[in-house]
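When the letters of the sequence shown are read in order and numbered with the UniProt record's numbering, they come out as residues 1 to 171.
Data block below; observations after.
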Amino acid sequence: METKWWKIPQVSAIWTVIRIWLGVQWMTAGWGKITGGFEVNGFLQGAIMKAGGEAPIVQGWYAGFLENVALPNAGLFNVLVPWGEFLIGIGLILGASTIPALIAAAFMNLNFLLAGTISTNPEYLALEVILLFAGVGSYYWGVDRFMIPALKAYFTNKRNRDAEHKKPAVV
Numbered sequence: 001m002e003t004k005w006w007k008i009p010q011v012s013a014i015w016t017v018i019r020i021w022l023g024v025q026w027m028t029a030g031w032g033k034i035t036g037g038f039e040v041n042g043f044l045q046g047a048i049m050k051a052g053g054e055a056p057i058v059q060g061w062y063a064g065f066l067e068n069v070a071l072p073n074a075g076l077f078n079v080l081v082p083w084g085e086f087l088i089g090i091g092l093i094l095g096a097s098t099i100p101a102l103i104a105a106a107f108m109n110l111n112f113l114l115a116g117t118i119s120t121n122p123e124y125l126a127l128e129v130i131l132l133f134a135g136v137g138s139y140y141w142g143v144d145r146f147m148i149p150a151l152k153a154y155f156t157n158k159r160n161r162d163a164e165h166k167k168p169a170v171v
C-alpha cells in the first residue's frame, strides 16, 4: 500500500511544527483571556454595530444570531471562548484529540471572521484546514499516534467481550 506524501514522517514533521505553533497561539490567547478577566459584551456589541451602515462588514443574519443568542448568553460565552481557546491550544501542542481541536479552532476562527474581526483569523483558518486535510499526517508526531490505535483496540476488544457475554448458553 502506497503512503501519501503528506502522511510520511518527514512531511509530518512540517505539519507538527505548524500544529504546535498554532497550538501556542491558541493557548496563549485563551490563557490571556482566562487570567485577564475576559468580557465578551463589548466584542458582541461591536460586531452587531458592524452590520449596519452603508457598507456592513457583518451579515445581517449573523448579527441577528449575536443579538438574539450570543448577547443574552454572554456569561456562557465568557467561559466558552477563553477555555475553548486554551484547550484547543493544549490539544494542538500535544497532538491529542488533534482533529476535534482543529475543527473547533476552524469553527472559532470562522465565527470571529463572521463577526468582522480579520486580524490573524484567515491565516489560522487556512492552516487549520490544511492540517485537517493532512489528516493522520497532522498528528503523526503527537499523542494521537498512540492514543487512537489504543482506543480502537480497546473498543474492538470490548465489543468482542460484550458479544461473548450475549451468546446463548449451549445446553
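Ideal Cβ placement from N, Cα and C applies to all residues, glycine included.
Bear in mind that the values here come from a model prediction, so they are computed numbers and not experimental data.
{"Asked": "Sufficient close CB pairs (3 or more, under 8 Å) joining the stretch 118 to 128 to the stretch 60 to 71", "Found": "no"}
{"Asked": "Where P56 sits in the DSSP three-state scheme", "Found": "coil"}
{"Asked": "Buried or exposed (CB count within 10 angstroms, at least 16 for buried), V40", "Found": "buried"}
{"Asked": "Sub-8 Å separation of V129 and K7 beta-carbons", "Found": "no"}
{"Asked": "Alpha helix (DSSP H) segment containing E128, residue limits", "Found": "N121 to A134"}
{"Asked": "G37, DSSP secondary structure in three states", "Found": "coil"}
{"Asked": "Beta-carbon gap between V24 and I93 smaller than 8 Å", "Found": "yes"}
{"Asked": "Per-residue DSSP class, three states only, for I103", "Found": "helix"}
{"Asked": "Span of the alpha helix (DSSP H) around A70", "Found": "That residue, A70, is in no alpha helix (DSSP H); it is neither H nor E in DSSP."}
{"Asked": "Cβ shell of A63 (< 6 Å), same chain only, five flanking positions each side left out", "Found": "I48 and A51"}
{"Asked": "Three-state secondary structure assigned by DSSP to I90", "Found": "helix"}
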